[in-house]
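Trainee: Have a look at this one.
There are 2 protein chains.
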Amino acid sequence: MPYPAKTSAEEILAAAVELLEREGQGGLSLRALAAELHLSPNALYRYYPSREALLAAVAVQGAQWLLTDLQTATGALPQLAHIYLKFAQERPALYDLYMTCDSLSAAQRQIYDEHWELVVGALAPLAGAHSREAAITLWAYLHGLVGLERSGVYDVSAEKPRNTTDFGLGLLLAGLRELAR
Amino acid sequence: MPYPAKTSAEEILAAAVELLEREGQGGLSLRALAAELHLSPNALYRYYPSREALLAAVAVQGAQWLLTDLQTATGALPQLAHIYLKFAQERPALYDLYMTCDSLSAAQRQIYDEHWELVVGALAPLAGAHSREAAITLWAYLHGLVGLERSGVYDVSAEKPRNTTDFGLGLLLAGLRELAR
DNA sequence: GTCTATAGAGCGATAGAC
DNA sequence: GTCTATCGCTCTATAGAC
Chain S
1250 MPYPAKTSAE EILAAAVELL EREGQGGLSL RALAAELHLS PNALYRYYPS REALLAAVAV
1310 QGAQWLLTDL QTATGALPQL AHIYLKFAQE RPALYDLYMT CDSLSAAQRQ IYDEHWELVV
1370 GALAPLAGAH SREAAITLWA YLHGLVGLER SGVYDVSAEK PRNTTDFGLG LLLAGLRELA
1430 R
Chain U
1250 MPYPAKTSAE EILAAAVELL EREGQGGLSL RALAAELHLS PNALYRYYPS REALLAAVAV
1310 QGAQWLLTDL QTATGALPQL AHIYLKFAQE RPALYDLYMT CDSLSAAQRQ IYDEHWELVV
1370 GALAPLAGAH SREAAITLWA YLHGLVGLER SGVYDVSAEK PRNTTDFGLG LLLAGLRELA
1430 R
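Listed in order, the protein sequences are those of chains S and U. One gets the working numbering by counting positions in the first sequence from 1 and adding 1249 to each. One gets the working numbering by counting positions in the second sequence from 1 and adding 1249 to each.
See below:
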């Protein structure tokens, strides 16, 4: 019965994403993934040479989705910010993997750069020559909000989360306006 | 030979901190820690009922050190920020554990609160009624910088890291000034 | 291309002797 | 209070049959 392929790289990747999001960072083991697909653990090695390679593929998939989401923004900064936060909130494990995966190939890093350029581009009209620094500030603020929320410091589902988020965004925008004067 | 104690809760805690910082989050296993102290693995159970309890103790130790560091600040915001970033940079695993440990007892949460009050207090003169939101913004910005730096997005050891860090801080302060007007 | 079987290593935690 | 021994579980990765 062996000849016909029972799976594919794409199917494995999709199942890996699903498992990662359901079980969290540590739950994505090759054994669990194989069980999910009704395969023996080592069948996966035909498609991905190692667990690390699979993780990298998952991270890139996540980064692509986030990039796609961000590209739907009209360019208004608050909208960009909310799309970013929404992604991190709804797909925490995928977001984490994207932000912490350090075994990406050079080709895979490209999405990272596109992401970066999008943020810098959105800030260019507001920050001019300082758009690089402003982009780091904005990105750090958003990334930090995600982390704080997970630590329980900042409860997004409490009182007026959006207002609190927007407050910080307002501070940054006000700061940029003053800088431009 | 057994009667005299060969170790103590304090010694174990100190060794755990040392091991955590040297080997990183995953390197702090009870076995490795026991080997470090020339003890059998299960000797540790006399002092800490579980690995989780030990981790919580380490997290609290880290939080206390950070709080002590922050309390040396005169109140100037940039100084507070740099002390915070310095701690996160020099003791990354300890900082991580503090920010992500979720098995703290109620008593242990107190340090968390003190930390929070210190940040809010430092911002009160600048943000007035909005010091809560401003504190979240500042904390998120700083926490995010730490994360971005680790992702390799923002290389602190490159060109003018301090300037970049201070740029964002400047934006926040400028925003607060405008808010006060 | 998938399988069974296994190597080789890690871990937290427990039982019971001394 | 510490020890040896061990349970029971996790994992990645490889070897070789079919």
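Glycine is no exception: its CB is placed at the ideal position from the N, C-alpha and C atoms.
Please check if any C-beta of chain U sits within less than 9 Å of the C-beta of Y1296 (chain S).
Mentor: No, its Cβ sits nowhere closer than 9 Å to a Cβ of chain U.
Trainee: H1379 (chain U) lies in the alpha helix (DSSP H); which residues open and close that run?
Mentor: No alpha helix (DSSP H) holds H1379 (chain U); DSSP gives it neither H nor E.
Trainee: Tell me whether Y1296 (chain S) sits in a helix, a strand or coil according to DSSP, three-state version.
Mentor: Coil, per DSSP.
Trainee: Provide the residue span of the alpha helix (DSSP H) that contains Y1344 (chain U), from first to last.
Mentor: P1341 to T1349 is the span of the alpha helix (DSSP H), which, as asked, contains Y1344 (chain U).
Trainee: Where do the N-terminal and C-terminal ends of the alpha helix (DSSP H) with R1280 (chain S) fall, by residue?
Mentor: Unbroken alpha helix (DSSP H) run through R1280 (chain S): L1279 to E1285.
Trainee: To the nearest angstrom, how far is the alpha carbon of F1416 (chain S) from that of L1421 (chain U)?
Mentor: Distance between the alpha carbons of F1416 (chain S) and L1421 (chain U) is about 11 Å.
Trainee: In chain U, which residues lie less than 8 Å from S1278 (chain S) when you measure between Cβ atoms?
Mentor: In chain order: nothing, as chain U lies at least about 15 Å away.
Trainee: Determine the DSSP secondary structure at K1335 (chain U), reduced to helix, strand or coil.
Mentor: Here K1335 (chain U) sits in helix by DSSP.
Trainee: For Y1390 (chain S), which of helix, strand or coil comes out of DSSP?
Mentor: Note: Y1390 (chain S) maps to helix in three-state DSSP.
Trainee: With distances taken Cα to Cα, identify the nearest neighbour of E1339 (chain S) among S:Y1403, S:R1271 and S:A1325.
Mentor: Ranking the options by Cα distance to E1339 (chain S), first place goes to S:R1271.
Trainee: List the whole-angstrom C-beta distance separating R1390 (chain S) from T1349 (chain U), where the pair is believed to meet the contact cut-off of C-beta under 8 Å.
Mentor: Note that residue 1390 (chain S) is Tyr in the sequence shown, not Arg. That pair is no contact at about 19 Å.
Trainee: Label Y1294 (chain U) either buried or exposed according to how many other C-beta atoms from any shown protein chain fall within 10 Å of its C-beta, with 16 as the threshold for buried.
Mentor: Y1294 (chain U) comes out exposed.
Trainee: Going straight from the alpha carbon of T1431 (chain U) to that of Q1320 (chain S), what length do you get?
Mentor: With chain U represented from 1250 up to 1430, any question about residue 1431 (chain U) goes unanswered, as that position is not in the structure.
Trainee: With a Cβ-Cβ cutoff of 9 Å, do A1265 (chain S) and L1282 (chain S) count as a contact?
Mentor: Yes, Cβ-Cβ distance for A1265 (chain S) and L1282 (chain S) is below 9 Å.
Trainee: Mind reading off the beta-carbon distance from I1261 (chain S) to Q1313 (chain S)? Whole number of angstroms is fine, and I expect it under 8 Å.
Mentor: Contact doesn't hold; Cβ gap of about 17 Å is too wide.
Trainee: For T1414 (chain S), count the other beta carbons within 10 Å of its own beta carbon; 16 or more makes it buried, fewer makes it exposed. Which is it?
Mentor: That one is buried.
Trainee: Below 8 Å on the Cβ atoms is my contact criterion, and I expect A1337 (chain U) with L1329 (chain U) to pass it. Report the Cβ-Cβ distance as a whole number of Å.
Mentor: Wrong, their Cβ atoms sit about 13 Å apart, outside the cutoff.
Trainee: What are the boundary residues of the alpha helix (DSSP H) that L1269 (chain S) is part of?
Mentor: First-last of the alpha helix (DSSP H) with L1269 (chain S): A1258 to E1272.
Trainee: Using a Cβ-Cβ cutoff of less than 6 Å, which residues in the same chain neighbour A1342 (chain S) once the five nearest sequence positions on both sides are dropped?
Mentor: For A1342 (chain S), where only same-chain residues beyond five positions count, the Cβ hits under 6 Å are L1269, E1270, G1273 and Q1274.
Trainee: Leaving out five residues before and five after L1279 (chain U) in sequence, what residues of the same chain have Cβ atoms less than 6 Å from its Cβ?
Mentor: The residues are P1290, L1293 and R1300.
Trainee: Under the three-state reduction of DSSP, which class applies to L1353 (chain S): helix, strand or coil?
Mentor: Note: L1353 (chain S) maps to coil in three-state DSSP.
Trainee: Just confirm the distance between the C-beta atoms of A1305 (chain U) and S1380 (chain U), as a whole number of angstroms; I'd bet it's less than 8 Å.
Mentor: Not quite, the Cβ-Cβ distance comes to about 30 Å (not below 8 Å), so this is no contact.
Trainee: In angstroms, rounded to a whole number, what distance separates the CA positions of P1253 (chain U) and A1284 (chain U)?
Mentor: Between P1253 (chain U) and A1284 (chain U), the C-alpha separation is close to 19 Å.
Trainee: Please state the DSSP three-state secondary structure of M1250 (chain U).
Mentor: Because M1250 (chain U) carries a pLDDT of 49, less than 50, the predicted location of this residue cannot be relied on, and the following value inherits that uncertainty. Residue state, collapsed to three classes: coil.
Trainee: Are the C-beta atoms of R1340 (chain S) and some chain U residue less than 9 Å apart?
Mentor: Cβ-Cβ to chain U under 9 Å: no for R1340 (chain S).
Trainee: Would S1354 (chain U) count as contacting chain S if we go by Cβ distances under 9 Å?
Mentor: No, S1354 (chain U) does not count as interfacial toward chain S.
Trainee: Tell me whether Y1400 (chain U) sits in a helix, a strand or coil according to DSSP, three-state version.
Mentor: Looking at the sequence itself, residue 1400 (chain U) is Ser, so the reference to Tyr does not match. S1400 (chain U) falls in the helix class under three-state DSSP.
Trainee: Report yes if the C-beta distance between A1383 (chain U) and L1375 (chain U) is below 9 Å; otherwise report no.
Mentor: For A1383 (chain U) and L1375 (chain U), yes; Cβs fall inside 9 Å.
Trainee: Please confirm if I1360 (chain U) has its CB atom under 9 Å from at least one CB of chain S.
Mentor: It does not: the Cβ of I1360 (chain U) has no partner Cβ on chain S nearer than 9 Å.
Trainee: Between M1250 (chain U) and chain S, is any beta-carbon pair separated by less than 9 Å?
Mentor: Since pLDDT at M1250 (chain U) reaches only 49, below the 50 mark, its modelled position is unreliable, and the value read off the structure follows with that caveat. Chain S, which has no Cβ nearer than 9 Å to the Cβ of M1250 (chain U), makes this no.
Trainee: Under the rule that 16 or more other beta-carbon atoms within 10 Å means buried, what is E1398 (chain U), buried or exposed?
Mentor: It is buried - the Cβ of E1398 (chain U) has at least 16 other Cβ atoms within 10 Å.
Trainee: Out of U:Y1296, U:R1430 and U:Q1310, point me to the one whose CA is closest to D1345 (chain U)'s CA.
Mentor: Measuring from the Cα of D1345 (chain U), the nearest candidate turns out to be U:Q1310.
Trainee: Do we get a CB-CB distance below 9 Å when we pair E1272 (chain U) with the residues of chain S?
Mentor: By this cut-off, E1272 (chain U) is not an interface position.
Trainee: In three-state terms, what does DSSP make of T1323 (chain S)?
Mentor: T1323 (chain S): coil per DSSP, three-state reduction.
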